[in-house]
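Here is the structure we will look at.
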Amino acid sequence: MSPFSLRPGLPLRPLSRPGRLWAVVLAIACAATLLLVAIPAQADDAEARRAESPYFQVRSDDPTTDRLPLKATEVDARIAGAIADVTVTQRYRNEGQRPIEARYVFPGSTQAAVYAMQVRIGDRLIVADIREKQRARIEFEAAKREGKTTALLEQERPNVFAMNVANILPGDEVAVELRYTELLPPSEGRYQFVFPTVVGPRYHRPKAEGGSSSFTAVPYLRAGEASATKFDLRVAFASPLPVSALRSSSHGIEVEGEGTNAARVALAGSADDDEGSRNNRDFILDWQLAGEHLSSGLTLFPGKPGEENFFLAMVEPPRAIATAQIVPRDYVFVVDISGSMHGYPLDTAKVLLRHLIGSLRPSDTFNVLLFSGSNRVLNESSVPATQANIDQALRVIGQMGGNGSTEIVPALKRVAALPKAPEVSRSVIVVTDGYVTVESEVFQLIRRNLDKTNVFAFGIGSSVNRHLIEGIARAGQGEPFIVTKPDQAKAQAERLRRMIDSPVLTQVKARFEGLETYDVEPQPLPDVLGGRPVLVFGKWRGEPRGQLVVEGQAAHGAWQAMLPVATPDPDAAALRHLWARHRIRSLSDQEALQGGDAQRDAIMALGLRYSLLTQYTSFIAVDQVVRNPGGEATAVNQPSPLPKGVSELAVGGSLGAEVPSTPEASGWLALAVVVVLLVGAAWHRGGSSARTLWRRPRRPRTALGPFGGAQDRLRQAQLERRG
Amino acid sequence: MHQRLSLTQPTGLAALPAGGWLALQAAALWPHALWAAGRMGDGSDDPLGLAAIAMLAVLLGRLAPDLRDRAQPGWLAASLGLTAGATAALWALPPLAASLIAALALGAALAAWLPLQTPRLSLAGLVLLALPLLASLQFYAGYPLRLLTAQLSTWALQLAGMDAATSGAAMTVAGRLVIVDAPCSGVQMAWLGYFCAFAAAGWVGLRDGALLRRLPVVGLIVMAGNVVRNSVLVALESRPQGLGSGAHEAIGFVVLSVVCSAVLLWTMRDESRENEHAHRA
Numbered sequence: 000m001s002p003f004s005l006r007p008g009l010p011l012r013p014l015s016r017p018g019r020l021w022a023v024v025l026a027i028a029c030a031a032t033l034l035l036v037a038i039p040a041q042a043d044d045a046e047a048r049r050a051e052s053p054y055f056q057v058r059s060d061d062p063t064t065d066r067l068p069l070k071a072t073e074v075d076a077r078i079a080g081a082i083a084d085v086t087v088t089q090r091y092r093n094e095g096q097r098p099i100e101a102r103y104v105f106p107g108s109t110q111a112a113v114y115a116m117q118v119r120i121g122d123r124l125i126v127a128d129i130r131e132k133q134r135a136r137i138e139f140e141a142a143k144r145e146g147k148t149t150a151l152l153e154q155e156r157p158n159v160f161a162m163n164v165a166n167i168l169p170g171d172e173v174a175v176e177l178r179y180t181e182l183l184p185p186s187e188g189r190y191q192f193v194f195p196t197v198v199g200p201r202y203h204r205p206k207a208e209g210g211s212s213s214f215t216a217v218p219y220l221r222a223g224e225a226s227a228t229k230f231d232l233r234v235a236f237a238s239p240l241p242v243s244a245l246r247s248s249s250h251g252i253e254v255e256g257e258g259t260n261a262a263r264v265a266l267a268g269s270a271d272d273d274e275g276s277r278n279n280r281d282f283i284l285d286w287q288l289a290g291e292h293l294s295s296g297l298t299l300f301p302g303k304p305g306e307e308n309f310f311l312a313m314v315e316p317p318r319a320i321a322t323a324q325i326v327p328r329d330y331v332f333v334v335d336i337s338g339s340m341h342g343y344p345l346d347t348a349k350v351l352l353r354h355l356i357g358s359l360r361p362s363d364t365f366n367v368l369l370f371s372g373s374n375r376v377l378n379e380s381s382v383p384a385t386q387a388n389i390d391q392a393l394r395v396i397g398q399m400g401g402n403g404s405t406e407i408v409p410a411l412k413r414v415a416a417l418p419k420a421p422e423v424s425r426s427v428i429v430v431t432d433g434y435v436t437v438e439s440e441v442f443q444l445i446r447r448n449l450d451k452t453n454v455f456a457f458g459i460g461s462s463v464n465r466h467l468i469e470g471i472a473r474a475g476q477g478e479p480f481i482v483t484k485p486d487q488a489k490a491q492a493e494r495l496r497r498m499i500d501s502p503v504l505t506q507v508k509a510r511f512e513g514l515e516t517y518d519v520e521p522q523p524l525p526d527v528l529g530g531r532p533v534l535v536f537g538k539w540r541g542e543p544r545g546q547l548v549v550e551g552q553a554a555h556g557a558w559q560a561m562l563p564v565a566t567p568d569p570d571a572a573a574l575r576h577l578w579a580r581h582r583i584r585s586l587s588d589q590e591a592l593q594g595g596d597a598q599r600d601a602i603m604a605l606g607l608r609y610s611l612l613t614q615y616t617s618f619i620a621v622d623q624v625v626r627n628p629g630g631e632a633t634a635v636n637q638p639s640p641l642p643k644g645v646s647e648l649a650v651g652g653s654l655g656a657e658v659p660s661t662p663e664a665s666g667w668l669a670l671a672v673v674v675v676l677l678v679g680a681a682w683h684r685g686g687s688s689a690r691t692l693w694r695r696p697r698r699p700r701t702a703l704g705p706f707g708g709a710q711d712r713l714r715q716a717q718l719e720r721r722g
Numbered sequence: 000m001h002q003r004l005s006l007t008q009p010t011g012l013a014a015l016p017a018g019g020w021l022a023l024q025a026a027a028l029w030p031h032a033l034w035a036a037g038r039m040g041d042g043s044d045d046p047l048g049l050a051a052i053a054m055l056a057v058l059l060g061r062l063a064p065d066l067r068d069r070a071q072p073g074w075l076a077a078s079l080g081l082t083a084g085a086t087a088a089l090w091a092l093p094p095l096a097a098s099l100i101a102a103l104a105l106g107a108a109l110a111a112w113l114p115l116q117t118p119r120l121s122l123a124g125l126v127l128l129a130l131p132l133l134a135s136l137q138f139y140a141g142y143p144l145r146l147l148t149a150q151l152s153t154w155a156l157q158l159a160g161m162d163a164a165t166s167g168a169a170m171t172v173a174g175r176l177v178i179v180d181a182p183c184s185g186v187q188m189a190w191l192g193y194f195c196a197f198a199a200a201g202w203v204g205l206r207d208g209a210l211l212r213r214l215p216v217v218g219l220i221v222m223a224g225n226v227v228r229n230s231v232l233v234a235l236e237s238r239p240q241g242l243g244s245g246a247h248e249a250i251g252f253v254v255l256s257v258v259c260s261a262v263l264l265w266t267m268r269d270e271s272r273e274n275e276h277a278h279r280a
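Chains as they are written, first to last, in numbering that gives the first Met the number 0: chain D, 0 to 722; chain Y, 0 to 280.
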C-alpha cells in the first residue's frame, strides 16, 4: 500500500527533438524576460539607507543646468583672546538656464557653535530662524514646492553640515551667510585656529547617533582637479595681549601687525597656491599669547534686561614649566582584561603599559587595577614607582590573559575610592577595547570625581569603540588615545607622558566672592596640566562685583589667585553660545552612551533657546516671494575637491561603498532559471508525453548494484525471498 | 532452502507504511526543522532549501509506487541512531552541525524504504541542500573562494591583454578598483549547480557510483563559470562608465544558465560508456 497516490494528468502531444530543443530555448527566453520585468529579490532592506558614501562627480553634458553653483566661499574670522567669531559666506550663482536646488555638504569645527544664518537674494535680506529639525525640513519642502527661494542648514555630524538652497533661478546670486563662534583653548602656550574646508571621504558605517540624520553622500572632484569655487579667508585679532609667532602650516599667509594686539592675516596669493586649490585642505593658523606665569582670565557678558548673564574663566598655565612647579603624580592604570581583550588587544595593551609604567619617575606613585567581571588591585594603595615595584607590576600584567565579562563601573568606583594624598595629582588611565557595558553613571562617576582625578582613555585595537573612548576622555577632561598596533604604543605613551608630565595645580577650585553664579560647568574642575588650561563656563546674576578666587595645590604648596570681577563686556555675546554649546556637547555625549535620543528634548530646548544648530535643530530662511511657480528645479549636489594627499581610492576604493563589485544574480530569479532548465532537460530526456515524463526510468538488471557490486544482487535476491 | 514462515501479521509501528514511518521520523527531528525554518524566516539565510525540499518531494512522489513494504533493518537502525545523535547534538554542537546529523538521519530513513536498486546519493544530496547552508558556506568558504576567483579572474584578464592585478579579494583593472566581495564568491552558483546535479541524477536514476564520479566535474564547471562571470563583469565594471545593474544581472543569468546547462548535460549523459569501463575494470 502506498501512502502517496499520484496519477499523471492528461497526455500531451509528443514533441519532436527539435521541438524539445526549442522548448528549452523558449524557456530560457521567458526567464530572461522575467528578469527584465520582475523586481530582483533582495534581503529585507526596510531599514536600509540610501547609498550614503562618497562618490565622484560625473560631468553632465547638459549645458542648461549649472552643476557647480557654489562660486565662492569667504571666511571672515575675528579672534578676541581665545574666542573666535567666524562668518562664512557661501555665494551660489546659477549660470544655467534652469532653476536648481543646490546641496552642499561642508565641514565645521567640532567646537563650533553655529548661532545665526541669513540669506541675501539681490537686495533682499532674509534672516533665518531656528526650528526643530523635522519641522524645518517640512517648511523647507513646502517653500520649495511653492517656488520660494529658501535655504536650510542642517547638522549631519557635530562637525559636518549640509546647506540646501532651493529655487535658485537662472542668473540668481544667493549669498548664504552663517556665523559661528568657537573657543580656542591654548595648548602648551600656543593657540590654533583651524578652519576645515572639505569633508574627507568617509567610510560609511550606518549608525544611529543620538537622533542625528545619517551622513549623506558627498560628491568629489577627481584627484588633481581644481575646484571652481573661490576660497578666501581673513583673520583679524582683537587680542588683550600682543599676538606673536603667527604661522600657518597649511597655507601661505600674509601677516600685518604681528606683535601688536590687532594683527591681521590673509591668505597669500601665489602661483603655487592658486584659488582653485586653496580649499582642498584645512586652514591652520598658530600663534602665541601666553606669558611666563600662571595666569587666569575672566570675561563677563551682561545679557539684556531679563536675560541671562554669562561668564568664562580660563586658568592658563605658563608657557615654560620650571621643574619646581611639577607636583608629584599618582597614576592608576585601569586595565580591561575581559574576554574581548584576549589575544592581540591584550598583547598591545601590555606593550603600552610597559611604556607607560616603565617611564614613571621614582617620585611618582602608581597602582594597577585589573578588571573583567570582577576587579582587583595590585596594591591596596599606590606604591612608589621604584624599579622593583614596576617590575612586579609588569610581571603580573604580563601573566594576565583575557577572560570574563567587562564591568567597568565597579572598577571605576573602586578607583574613586582609592586613597590619595591631598597634594598629589592623580591621573586615571583606562586601557580598554571599548567593548564595555557602560551606563550613564560612568559619565556621572567620572564627573563627580574630577577634582580628584583626570581620566585618560586608551582604546586598544582596530575596532575600538571610539565613541566610548572619546566620551570618557571628554567627561574626564582628558584626551583619547587610540592604539591599533603594538608599534604605536611607544609613541602614544610618550604623548600621554608629555601631556601629563607637568601638572601645575591640583584640586583646583574656582569660586566667586560677591558674585552669584549658577549653571557652572564643569563641576568639579580638573587639574591644571602643563599643556592645557582649565575652562569654566557659567551664568551670573546680580551686580558684577566681587572677585574670582582660583585656588589649588601646587608643587610648593597651596596656591591662590584672585581676580577682580571685571567690567562686563557687552561684546562678549559669544559666551552665551559657548556655554550652551558646551552643555549640548555634554548632553550629546551622554546620549551617545545611553543610545537612542534620550537627551533629545534637552538638546532641542537648548538649541531653540540659544539659537544654536544642533542635531535636533536647523536654520531655515524662506523668501516669501514666489519666484519659481510650481517649484520645478533640478537637484544639484555641489562637489567638493578631493582633500589634498587623499587618493582616489578613498572614494573609489575601500573607504567608499560605491566601489563596484560583481555580485551574483538574485537568488529567487536564479532559482527560477534553474527550475526552467531542469524541466527542459527532463522533457528533452524523456518527455514524449507527460505520462512518460513522470514514469521512472527502468534500469535493466545488471551485475552491478547501486555501487557496482555483485554482492548487492545476491543480497537483493535474499531479501526478496525473505520478504 | 527453507523459506521463513511469517506466523503473524505485523502490528503496531511495524504495520505503519513508509509514509507513516517517514512522517514519524521527521516529527522526531522537529527541533532541527524549527531551527531551520527560523533561520530561513528571519532572513539570516536564503530560503533556497525550500526548493531542495520541493524537488525531494517530487522525486519521492515518483518513487512512491515502488517503496518497500518493510524497511531495511540496517538503514532503519542507522536512522534511529543518527536521530538519537542529532537529538543529543542539540546540547553539544552548533545548530547547523546538529541539523546536518538530522538530515543524515532523514536520509537514512528514506534509504530504508527505497528499493535496493534505487540510487540514494542524489536524494541524500537534496536532503543536505534543504538545510539553510548558504550563510554558513559564505562565512567559512566565502573568503577562500573570493580569493581564488579574484586570482583566476586576474589571470584570465591578463591573458586577454588587460592590465589587471589582485589585491587580496579585490582586483585593479586599468587603475580602477573592483572588489570581489561576499556576494561574488560563487557560493550561490555552487549551490544551484549541485542542486541541478542531484535533481537531475535523481530524476534519471543515475547510479550512486556514477554520480559520485561526476560530482567533481560539477564543482569544476561551477568554479569555471564563476570565474568567467566575474572576469566579464570586472572587465565591464572597470570602464569609466561602469556597468548598469540591468546588464549586470543579465550577464549573471546568462552565465548561470550556461553553467547549469553544462551541469545537466554532464550529469544526465549516458552511463553506458561508464558501465563498459567498469565492466572492463
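For glycine and all other residues, C-beta sits at the position ideal for the given N, C-alpha and C.
Whose C-beta lies closer than 7 Å to the C-beta of residue i among residues of the same chain, with five residues either side of it excluded?
i	result
A110(Y)	W74, R119
A207(D)	Residue confidence for A207(D) is low, a pLDDT of 29 falling below 50, so the modelled location carries little weight; the figure read from the coordinates is stated next. Around A207(D): no qualifying Cβ.
V625(D)	E145, G146, K147
Could you tell me whether the Cβ atoms of residue i and residue j are closer together than 7 Å?
i	j	result
A85(Y)	A97(Y)	yes
R575(D)	F309(D)	yes
A632(D)	P98(D)	yes
R145(Y)	S184(Y)	yes
P184(D)	P106(D)	no
L611(D)	Q154(D)	no
D281(D)	T180(D)	no
L69(D)	Y103(D)	yes
R328(D)	S424(D)	yes
K143(D)	G630(D)	yes
Q287(D)	A244(D)	yes
A91(Y)	L130(Y)	no
V234(D)	A76(D)	yes
Below 6 Å CB to CB, which residues in the same chain sit around residue i once its five sequence neighbours on both sides are set aside?
i	result
P215(Y)	none
L263(Y)	C195, A199
W112(Y)	A17, L66, R67, A70
W202(Y)	none
Among the options, which one has its Cα closest to the Cα of residue i?
i	options	result
S135(Y)	R38(Y), R212(Y), H31(Y), L115(Y)	R38(Y)
L255(Y)	V226(Y), A91(Y), A169(Y)	V226(Y)
N366(D)	D346(D), N388(D), A142(D)	N388(D)
P521(D)	I445(D), R544(D), V331(D), A490(D)	I445(D)
E176(D)	G251(D), F618(D), G666(D)	F618(D)
Q398(D)	L345(D), N374(D), S381(D)	L345(D)
V284(Y)	F192(D), D335(D), L668(D), N166(D)	The requested residue 284(Y) is not part of the displayed model; chain Y covers only 0 to 280.
Since I believe residue j is in contact with residue i (beta carbons under 8 Å), could you give me their beta-carbon distance rounded to a whole number of angstroms?
i	j	result
D723(D)	I120(D)	Limits of chain D in this structure are 0 at one end and 722 at the other, which puts residue 723(D) out of reach.
A200(Y)	T266(Y)	6 Å
A472(D)	V350(D)	No, A472(D) and V350(D) are not in contact; Cβ-Cβ is about 21 Å, not under 8 Å.
V549(D)	V314(D)	6 Å
Taking a cut of 7 Å between CB atoms, which residues from the stretch 249–261 of chain Y lie near chain D? A249, G251, F252, L255, S256, C259, S260
Relative to chain D, which residues along the stretch 55–88 of chain Y have a C-beta separation below 8 Å, given in chain order? L59, G60, R61, L62, A63, P64, D65, L66, D68, R69, Q71
Given a limit of 8 Å on CB to CB distance, which residues of the stretch 349–366 of chain D reach chain Y? none
Output, in sequence order along the chain, the residues in the stretch 673–684 of chain D whose CB is closer than 7 Å to any CB in chain Y. V673, L676, L677, A680, A681, R684
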